[in-house]
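Colleague: Quick note, in our numbering, the sequence shown goes up one by one and the last residue is 1034.
Quick one: the structure is below, questions incoming.
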Amino acid sequence: MFYFVSQKSNVSGDGTKERPFRTIGEAANLAMPGDTVVIGGGIYREWVKPQNGGLGNNQRITYIAAEKEEPIISGAEIIAGWTPFKKGVWRAEVSNELFGEYNPYADEIFGDWYDGLGQVHHTGELFLNGEAMYEAASLSALMEKAEKEEKNCIGFPK
877 MFYFVSQKSN VSGDGTKERP FRTIGEAANL AMPGDTVVIG GGIYREWVKP QNGGLGNNQR
937 ITYIAAEKEE PIISGAEIIA GWTPFKKGVW RAEVSNELFG EYNPYADEIF GDWYDGLGQV
997 HHTGELFLNG EAMYEAASLS ALMEKAEKEE KNCIGFPK
């Protein structure tokens, strides 16, 4: 069976080509071994957690891009409402509800293999115009960096 997904739909349908699902997750909840999920172009900001798995090489659940389309599955959220804070530093507040059961900014990276370079780091990451930012050790460290560089900062460019 084929299930279709498209962000071009105003409302979610039944997964047919004529009435596609709006999210990949809807298809993943129904797909069974041997099924194919055809995904239209766009950015899908969702966590896809399939309900079922395949039954070997001959009965997989396959997820493919629709012909001539480029779907992107991203765990990133767009955060709006950035405001100037002080000295070229910008800030935005988000509700913890955005993260659901897992907040990557509360999850510290650690291990005997890891060198945090003298500061705590978290698994969450911030991007500005597609560029990853370094995590600041503290607000005062960020302010000091912004003052030295005299430019707008929301983190340190990597």
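Ideal placement from N, C-alpha and C gives every residue a C-beta, glycine not left out.
None of the values given here were measured: they were computed from a predicted structure.
On the DSSP bridge list, what partners appear for P947?
Modeller: If you number the sequence shown from 1, residue 947 lands on position 71. According to DSSP, P947 bridges with G918.
Colleague: Among residues of its own chain, excluding the 5 on either side of D983, which ones have a beta-carbon nearer than 7 Å to its beta-carbon?
Modeller: If you number the sequence shown from 1, residue 983 lands on position 107. Only H998, T999 meet the Cβ criterion.
Colleague: From what residue to what residue does the beta strand (DSSP E) around M1009 run?
Modeller: Here the question's residue 1009 lines up with position 133 in the sequence shown. Unbroken beta strand (DSSP E) run through M1009: 1007-1010.
Colleague: Counting C-beta neighbours from all protein chains within 10 Å, is the total for D988 16 or more, i.e. buried, or is it exposed?
Modeller: On the sequence shown, position 112 is the one that residue 988 refers to. That one is exposed.
Colleague: Among E1001, I915, G932, which has the Cα closest to the Cα of V924?
Modeller: Taking the first residue of the sequence shown as position 1, residue 924 is located at position 48. For the residues E1001, I915, G932, the minimum Cα distance to V924 belongs to I915.
Colleague: Ends of the alpha helix (DSSP H) at K1024?
Modeller: Reading the sequence shown from its first residue, position 148 is the one you call residue 1024. Where K1024 is concerned, the enclosing alpha helix (DSSP H) stretches over 1015-1025.
Colleague: Contact check, P926 vs A942 under 8 Å by CB: the rounded distance?
Modeller: Translated into positions along the sequence shown, residue 926 becomes position 50. Translated into positions along the sequence shown, residue 942 becomes position 66. The Cβ separation is near 19 Å, so there is no contact.
Colleague: Over what stretch of residues does the beta strand (DSSP E) that includes A907 continue unbroken?
Modeller: Counted from its first residue, the sequence shown places residue 907 at position 31. Where A907 is concerned, there is no enclosing beta strand (DSSP E), given that its DSSP letter is neither H nor E.
Colleague: Count the C-beta pairs between the region 896-913 and the region 928-935 that are closer than 8 Å, then say yes if the count reaches three, no if not.
Modeller: Short answer: they touch.
Colleague: Among E973, G957, N1005, V881, whose alpha-carbon lies nearest the alpha-carbon of W966?
Modeller: If you number the sequence shown from 1, residue 966 lands on position 90. The shortest Cα separation from W966 among E973, G957, N1005, V881 belongs to G957.
Colleague: Measure the beta-carbon distance from Q995 to A1013 and round it to whole angstroms, keeping in mind my assumption that it falls under 8 Å.
Modeller: For this step, residue 995 is matched to residue 119 along the sequence shown. For this step, residue 1013 is matched to residue 137 along the sequence shown. Indeed they touch by this definition, with Cβ atoms about 4 Å apart.
Colleague: For the beta strand (DSSP E) holding A952, just list the boundary residues, first then last.
Modeller: As a first step, residue 952 is located in the sequence shown; it is residue number 76 there, counting from the start. Per DSSP, A952 belongs to no beta strand (DSSP E) and is neither H nor E.
Colleague: Output the boundary residues of the beta strand (DSSP E) element that contains K962.
Modeller: As a working note, residue 962 is residue 86 in the sequence shown. It spans 959-962 - the beta strand (DSSP E) in which K962 sits, taken as one unbroken run.
Colleague: Can you give me the Cβ contacts of I948 inside the same chain, cut-off strictly under 6 Å, excluding the 5 residues immediately before and after it?
Modeller: Reading the sequence shown from its first residue, position 72 is the one you call residue 948. The residues are I919.
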